[in-house]
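In this text, residue positions in the sequence shown follow my numbering: the first is 614, and each later residue adds one.
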Amino acid sequence: MFERQITEDTVIDAVRHGEVIADYPEDEPYPSFVILGKAEDRPLHVVVGVDAESNRTRVITVYVPEPDLWSEDFRTRRIP
């Protein structure tokens, strides 16, 4: 997130107001989700893990999805 110059406030906003587009309940050590949010006028994917025991959400990674790899709405990964 820091390497991509995405601020903490932007990530928090995306997690709070974004849309879950994928979930991975079997991920270890925590179930994870991909959230589609917005960073100004660009799409943003935030991958989070949810620790239900401590009631904490942990950001795993944040990136701007590549248009060539995702559908026009950035919700579905394109199949090569």
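Glycine residues also receive a C-beta, built at the ideal position from the N, C-alpha and C atoms.
Beta-carbon proximity check, residue i vs residue j, cutoff 9 Å
i: Val633; j: Ile648; result: yes
i: Leu682; j: Arg671; result: no
i: Lys651; j: Ala635; result: no
i: Pro693; j: Phe687; result: no
Residue from the options with nearest C-alpha to residue i
i: Met614; options: Arg669, Ile673, Glu653 and Phe687; result: Ile673
i: Asn668; options: Ser684, Tyr643, Lys651 and Asp654; result: Tyr643
i: Pro638; options: Ala665, Pro680 and Arg655; result: Ala665
Backbone secondary structure at residue i - three-state DSSP
i: Val628; result: helix
i: Thr620; result: coil
i: Ala665; result: coil
i: Val677; result: coil
For residue j and residue i, believed in contact at Cβ under 8 Å, the rounded distance
i: Tyr676; j: Arg617; result: 6 Å
i: Val660; j: Gly631; result: No, Val660 and Gly631 are not in contact; Cβ-Cβ is about 11 Å, not under 8 Å.
i: Ile625; j: Leu657; result: Between Leu657 and Ile625 the Cβ distance is about 12 Å, and since that is not below 8 Å, they are no contact.
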